[in-house]
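Below: the structure, in C-alpha cells.
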Amino acid sequence: MTAWSRCLFFALTLVALPAWAADDPAKAKLDYQRFVLPNGLTLIVHEDKRAPVASMALFFHVGSKDEVAGKTGFAHLFEHLMFTGSENARSKHIQALEELGATGVNGTTSNDVTNYYETVPIGALERLLWLESDRMRNLLGGVDQARLDEQRGVVKNEKRQREATAEARRGQRVNAVLYPVGHPYHHSVIGSMEDLDRASLDDVKQFFRNHYGAANTVIAVSGDVKTDDIKKRIEYWFGDIPAGPPHGRRLEQVPVLQERIVDRVTDSVSATWITRAWPTAGIHDDDMIYLTLIGPLLADGDASRLRKALVRDKQLANRVSAGVARRELAGYVDIEFDLRPGADADAAIAELDKQIAEFLRTGPTDAELKRAKARYLLGTTRNLETTLSQAQTLARNETTTGDAGYAVKVQEKIAGATREDVRRVAAKWMSRGYYQLRTDPAPTNEVATAVDRSKPPAVTATAAPPFPTPVEWTLSNGIKVTLAERHNWPTVDLAVMSPGGALSDGGKRGLSSMAMEMLAKGTSKHDVVAIQDMLRDDGASISSYSAMEFNYVRVSMLSGALDRPVELASEMLRSANVPEAELELLRKSRLAALKQQGLTAPSAVALAINPALFGPGHPYGLTTTMGTIESVAQITRNDIADYIATWIRPDVMTIAVAGDITRERATQLLEAQFGRWAKPATPAPSLAKPPILPVASKTRLLLIDVPRSQQATVVVAHLIAPDDRSSETEHAFTNAVFGGSFGSRINLNIRESKGWSYGVRSAVSSGRGQHAWSASMAVERDHAGDAITELKRELADILGPKPITDAEVDLRRTQSLAALAGQNETNGSLLAQLMYDRSVDHPLDYPLHRAERIRAINVETANKTAKTMWHPDGLTWIVAGDAGVLRPQLEKLNLAPIEMWTREGGAVDASKKDAQPTATPK
C-alpha cells in the first residue's frame, strides 16, 4: 500500500472568488475547491503558480469568546504552546520552520478564532504538513510544566508590552463598556494576569482536547500546488486526527446601549483623543457589509465628510478615522479623532454630531459612494496578492461564516449597494446609544506603561525563484527607467526617485519631509480633494515622502487604469503649488506627531540611537527625519517651493516600475508624462558625502527616564568599521545566527530560556552611508540588568569560546536559500528591491545572483565577518524605563558611567535638579 492509497471520502465544492468578469484585467480571480474529510476537517485549496511556494493557514474555531470566567487568556496562551514543539517534532515550531526557509510564520488569537500560518518553498511542503499535523495530533506529548511556565512568562511579557500604550488601553476600555459583564467579548483576548497565573497543566490540556479537534478546524492551502495532490496529502497527514467534541455556531449576542455613556480619562497622549463607538450586529448580518463602507465614506481622504469638517475646514482635529469591527457575535462602528492643541473639545464633538446627523439623514452622494466602492476594489485586489493572504482569507471566511467564498457575497453586495442601502443601515445602528471616551493628556510623570510521524519527511530542493530580469532604458530627456515585468497579478507599482532626503534639509530640519508631503496637497490644475477623488475613482494611490538621502513618489495602480494615476504623479512633481492652507494643516499635524514622540520607552530609545552613535552634529545624527518642533514651526511656503524647485528635477531622477506592464507600454506612458520635462538651466544639486566615523573605543551607557514604565527597552549598538569589507549579504547572514531570527542565540536565551522578554532581535542597517549594528529588546524592568549581562555574554561567546559553527552556517544557508522562493511574491516587493538596488548603486542583475552570494558563505567567512563586524569594546547601551528601578541595576553592571538622556534624544543638562532621579517604589 502506498502512502496515498487511503480511501478518500470528500465533499467537493468548486467556487470562483470573486466572480469577476474574465475580460476585466483590473480584478483578481481566486478559484478554490472545498473538501470535508470524514473526521470533519475542512480543506480549501487554491492553485497559484506565480512563485514556487505554498502557503498554509490553519484556523481553529476557538477564541477568547469560548473561555469561561476564571480561565481568560487560555486561547491565546495555547496559541503560544502550539509553537513549543510536539511529540515527534521536539524543536520549537518556528525554529523547525525557519530551517525550511519559511516566511510569514506566526499565529494570532482573536475573540472568535485562533490561527496559524506560514509560507514555505514548495519542496518543503511535505515537511510542513508533517509538522502541522504532529502538533495538532500529538501536541500534548510535548507539553510539560516547564514549557507551560516558559510560555506563561512570554505571554505575560507580551501583555505588559501591548498594554503599555495608550492606544491599547483605549481599546480595552471601549471593549469592556460595549460588551457588558457576561458577554463573551467583555474580557480581553490576552486575559488577566491572575487567570494566567492560575492556569494549570491539566487546564490547558483539557482546553486543547475541547477545541483542537479536526471537526473544529479549517485548513487552506494556496500556492504552486495541484489540488488532487494536496487533497491526498492532507487526508494522509490529518485524516487520523480525532474529530473532537461537537461545536455548534453560537447565536448572535448584540448588546444594546439604551443611552449615551460618556467617560473621561487621562493617559500618556500628547493631545486629547475622542472615541465614539456603536454596537452592531455580527458578521452574519448583511448590514455589516454595507457598514464596511462607513470608513471610506466618512474619514478616508481629504474629501471625506469628517476629515473635511474636523481637519480641513474647522481645523479642530489633527486626524480622524472611522471603521467597523466585524466579529461573529456582535461588532461595532467606531470613529476616532485627536484634537489640535487649543481646540475646543465640545465644539469638535458638536461638529461630529452635526456631520453624523446629516449623513444619517441623506446618506452618501453618488460620487462618494462610487469612490468608496473603487477603494474597496483596490483594497480587495491588493489584499489577495500573496498566497499567504489568499490562504488566510479563504480559511477565515470558512471558519467565521461557514462560506470560504464569503468574499463573493461581499463583493456583490458592495457593487450593488445604493445610497439608500448605506443610509438605511447606518441610521439603523448609529442612531442608537453609543459609548464615548475622551482621553486627555496626563502629566508627564504619570506615563504607564495512526500515521507514523516519528521520522520527518525529507525536504526537497526548490527551484530558484523567478525574479524577472530587470531591463533599463533612458527616456528622451535622460531619465533612467528600470522595469521588472511580470504578468501574474493585475497591478503595477511605480516609483520616482531623486537624491535629497534629510541630508538636503540645509539646516531646516524636516524641510524635505514636509516638501515631499506637500507634493500631494495640490497642483496648478487640481486641489488635494480633486486629486484624491480621481485616484479613488481609478482604484489607485500615490504617496510622496523622503528618507535620509532620497525623495520618493510611489504610485500603486490597477493595470487596467494606469494613465491618470501616472499623469497625476507627473503633475505633482512638475507643478506642485504648495497651498498655504494645506501647509498649515500639515504643520499642525506634524507638530502633534512630534509631541507624541518620546512618551514611551521604545519611542524614546528610537529618538536617541542616531545622535548617540553618530553625534548630534553628524548628518546621520538626527533624532528623526520629520524635523523638530522648532524647525517645523519655522518652515515657510517659500522654503518648500524653493526646495521643490531645487531638488525635484528630471536630470537627477530615476524611475522604477514593477508588475503587469510591458516595456513598450511603460515607455509610451512615461514618455508622455515625463519625457518632455526639460531640465532647468541651473546646475543639478548634489549631496555632500557624510564623513565616515571610526568605531567607538569605549563603552557608553545612556539611561532615559520614563517614570512608572512597567518594562525597560534596551538597545545596544555600534557603527560598522570603515575598513570592514564584508558584504551586506555576509553581514546579514552572520547577524542572523546571533540575533536575526526566532531561533537565534540571543532570542532562545533571553526569551525562550529566561522568559524575560517577548522577543530579542539584532540587525545591521542598510543604505548608502555608514552602517550600524544594533540589538534590541523590551524586558521586564526587574530583569533589565540580567538581560544586559546575558546579551553581553552572548556577544563575547560568539567572538571567543563559542564561535559560529558549521551546523549554524548550514542551517542559516538552508533558511536563506529557501526563503528566496517567496521573497518577491508581490509587485510591491519587486519594486522595493529595484528601488533599493538603485539607491545603493547595485548592478542591474544584482537580485538575480542572491543565491550565489549566500552559497559562497562558509563557516570561515561567517566567523571572519563576526570579527570585523562586532566591536564589544565600543558598544553604546541605551536603556529606557523607570530610572528609579533601572539605575541601581545598571550601576551594579559597571559597564560605564551612566549618562542621563532626555526622552527627546539628547543629554540631560546635569545642572537640572531632576538629572539624577531617585528610586521609584516598585
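For reference, each letter of the sequence shown is one residue, going -21 to -1, 1 to 901 in mature numbering (1 follows the signal peptide of the UniProt record, and there is no 0). Positions of the beta carbon are idealized from the N, C-alpha and C atoms, including for glycine. Since this is a predicted model, take the numbers as computed values, not measurements.
Should Y11 and A383 be called a contact, given that it needs their Cβ atoms to be closer than 8 Å?
-> As a first step, residue 11 must be located in the sequence shown, where it is residue number 32. As a first step, residue 383 must be located in the sequence shown, where it is residue number 404. Annotated as proximal: Y11 and A383, with beta-carbon spacing under 8 Å.
With contact counted as at least three CB pairs below 8 Å, one residue from each stretch, are the segment 217 to 235 and the segment 395 to 404 in contact?
-> In the pairwise beta carbon analysis, the segment 217 to 235 is classified as not touching the segment 395 to 404: fewer than three pairs are separated by under 8 Å.
Could you check what DSSP says for G64 in three-state terms: helix, strand or coil?
-> Position 85 of the sequence shown, counted from the first residue, corresponds to residue 64. Collapsing the DSSP output to three states places G64 in coil.
Other residues of its chain near Q690: CB distance less than 8 Å, five sequence neighbours each side excluded = Taking the sequence shown and counting its residues from 1, one reaches residue 690 at position 711. If the five residues before and after Q690 are omitted, its C-beta is found closer than 8 Å to the C-beta atoms of N136, R139, Q140, A143, T428, A580, A757, V758, E759, R760, G860, all from its own chain and listed in chain order.
When DSSP labels each residue in this structure, what does V303 get in the three-state scheme?
-> Counting from one through the sequence shown, the residue named residue 303 turns up at place 324. It is a strand residue.
M409 and V312 closer than 8 Å at C-beta | Counted from its first residue, the sequence shown places residue 409 at position 430. Counted from its first residue, the sequence shown places residue 312 at position 333. Contact annotation: M409 and V312 have beta-carbon atoms nearer than 8 Å.
Per-residue DSSP class, three states only, for N94 | Numbered from 1 along the sequence shown, position 115 holds the residue referred to as residue 94. Of the three classes helix, strand and coil, the one that applies to N94 here is strand, per DSSP.
For W452, is the classification buried or exposed, using 16 other Cβ atoms within 10 angstroms of its Cβ as the cut-off for buried?
-> Your numbering for residue 452 matches position 473 in the sequence shown. The residue in question, W452, is exposed, as its Cβ has fewer than 16 Cβ neighbours within 10 Å.
Using a Cβ-Cβ cut-off of 8 Å (strictly less than) and excluding sequence neighbours within five positions of D824, which residues of its own chain qualify?
-> Residue numbering aside, residue 824 sits at position 845 when the sequence shown is read from its first letter. For D824, where only same-chain residues beyond five positions count, the Cβ hits under 8 Å are T448, P449.
Opposite V450 in the DSSP bridges: which residues?
-> The count along the sequence shown starts at 1 and reaches residue 450 at position 471. Paired residue(s): L462.
Just the C-alpha distance for G381 and S745, rounded to the nearest angstrom, thanks.
-> Within the sequence shown, the letter at position 402 stands for residue 381. Within the sequence shown, the letter at position 766 stands for residue 745. If you take the alpha carbons of G381 and S745, they lie about 45 Å apart.
Determine, using beta carbons only, whether D703 and M848 come nearer to each other than 8 Å.
-> Translated into positions along the sequence shown, residue 703 becomes position 724. Translated into positions along the sequence shown, residue 848 becomes position 869. Yes, the Cβ-Cβ distance between D703 and M848 is below 8 Å.
Reducing DSSP to helix, strand and coil, say where W856 ends up.
-> Locating residue 856 in the sequence shown gives position 877, where the first residue counts as 1. W856: strand per DSSP, three-state reduction.
Residues bridged to M536 [DSSP beta-bridge criterion] = Within the sequence shown, residue 536 is the residue found at index 557, counting from 1. The beta-bridge partner set that DSSP reports for M536 consists of V471.
Give the range of the alpha helix (DSSP H) segment to which W408 is assigned.
-> Numbered from 1 along the sequence shown, position 429 holds the residue referred to as residue 408. Under the DSSP assignment, W408 falls in the alpha helix (DSSP H) whose first and last residues are 398 to 409.
What runs of the alpha helix (DSSP H), each 4 residues or longer, lie entirely inside the segment 677 to 743?
-> Within the segment 677 to 743, the complete alpha helix (DSSP H) runs of at least 4 residues are 707 to 717.
Which stretch, first to last residue, makes up the alpha helix (DSSP H) that contains P420?
-> In the sequence shown, the residue the question calls residue 420 occupies position 441. Under the DSSP assignment, P420 falls outside any alpha helix (DSSP H), being part of the beta strand (DSSP E) whose first and last residues are 414 to 420.
Determine the DSSP secondary structure at E773, reduced to helix, strand or coil.
-> Within the sequence shown, the letter at position 794 stands for residue 773. In this structure, E773 counts as helix in the three-state DSSP scheme.
Return the Cβ separation of T366 and S34 in integer angstroms, given the expectation that the two are a contact with Cβ distance under 8 Å.
-> By 1-based counting over the sequence shown, the position of residue 366 is 387. By 1-based counting over the sequence shown, the position of residue 34 is 55. The beta-carbon separation of T366 and S34, rounded to 4 Å, stays under the 8 Å limit for a contact.
Closer than 6 Å by C-beta to I268: which residues in its own chain qualify, once you throw out the five before and the five after it? Chain order, please.
-> Walking along the sequence shown from the start, residue 268 turns up at place 289. When the five nearest sequence neighbours on each side are left out, the beta carbons in the same chain lying within less than 6 Å of the beta carbon of I268 are those of V389, K392, in order along the chain.
Closest Cα partner of R69 within the set P435, T625, N154 = As a working note, residue 69 is residue 90 in the sequence shown. Checking every option, the nearest Cα to that of R69 belongs to P435.
Indicate whether A183 and L60 have their beta-carbon atoms separated by less than 8 Å.
-> Sequence index remark: in the sequence shown, residue 183 carries index 204 (1-based). Sequence index remark: in the sequence shown, residue 60 carries index 81 (1-based). According to the sequence displayed, residue 183 carries Val and not Ala. For the pair V183 and L60, the CB atoms are nearer than the 8 Å cut-off.
Chain-order list of residues whose beta-carbon lies under 7 Å from that of L813 (same chain, five-residue window excluded) = The residue labelled residue 813 in the question sits at position 834 within the sequence shown. Within its own chain, the residues whose Cβ lies closer than 7 Å to the Cβ of L813, once the five positions on either side in sequence are excluded, are P449, T461, A463, A635, A637, listed in chain order.
contact_flag[the segment 545 to 552, the segment 766 to 780] where n(CB pairs < 8 Å) is 3 or more | Touching, no.
To the nearest angstrom, how far is it from the Cα of K500 to the Cα of F529?
-> What you label residue 500 is simply residue 521 of the sequence shown in a count that begins at 1. What you label residue 529 is simply residue 550 of the sequence shown in a count that begins at 1. Roughly 20 Å separates the two Cα atoms.
DSSP on I23, reduced to helix/strand/coil?
-> Within the sequence shown, the letter at position 44 stands for residue 23. Note: I23 maps to strand in three-state DSSP.
Kindly identify the DSSP beta-bridge partner or partners of E315.
-> Taking the sequence shown and counting its residues from 1, one reaches residue 315 at position 336. E315 is bridged to T254, S300.
Counted within 10 angstroms of its Cβ, other Cβ atoms place N154 as buried (16 or more) or exposed = One-based indexing of the sequence shown puts residue 154 at position 175. Looking at its Cβ environment, which holds 16 or more other Cβ atoms inside 10 Å, N154 is buried.
Any idea if R243 is buried or exposed, counting beta-carbon neighbours within 10 angstroms, 16 or more meaning buried?
-> On the sequence shown, position 264 is the one that residue 243 refers to. Here R243 is exposed. Its C-beta has fewer than 16 other C-beta atoms within 10 Å.
By Cβ distance, which residues of its chain are closer than 6 Å to T196, with the 5 residues on each side in sequence left out?
-> For this step, residue 196 is matched to residue 217 along the sequence shown. Sequence-distant Cβ neighbours of T196 in its own chain, meaning closer than 6 Å and more than five residues away, are L20, F39.
Inter-residue Cα distance where the pair is F57 and G86 | Working through the sequence shown from its first residue, we reach residue 57 at position 78. Working through the sequence shown from its first residue, we reach residue 86 at position 107. The alpha-carbon atoms of F57 and G86 are separated by roughly 10 Å.
Near I627, what residues of its chain come up, given a Cβ to Cβ distance below 6 Å and the 5 sequence neighbours on each side ignored?
-> Numbered from 1 along the sequence shown, position 648 holds the residue referred to as residue 627. Only L552 meet the Cβ criterion.
State yes or no: is the C-beta of F653 within less than 8 Å of the C-beta of P629?
-> Indexing the sequence shown from 1 puts residue 653 at position 674. Indexing the sequence shown from 1 puts residue 629 at position 650. At the C-beta level, F653 and P629 come within 8 Å of one another.
Residue from A800, G853, H828 with nearest C-alpha to Y203 = Counting from 1 along the sequence shown, the entry for residue 203 is found at position 224. Note that residue 203 is Asp in the sequence shown here, rather than Tyr. Nearest C-alpha to D203: A800.
Integer Cβ distance of T502 from A555, believed to fall under 8 Å | By 1-based counting over the sequence shown, the position of residue 502 is 523. By 1-based counting over the sequence shown, the position of residue 555 is 576. Contact check for T502 and A555: beta-carbon distance about 6 Å, within the 8 Å limit, so the pair qualifies.
Give a yes or no on contact between the segment 692 to 706 and the segment 595 to 602, applying the rule of three or more CB pairs nearer than 8 Å.
-> In short, these stretches do not touch, since the Cβ pair count stays below three.
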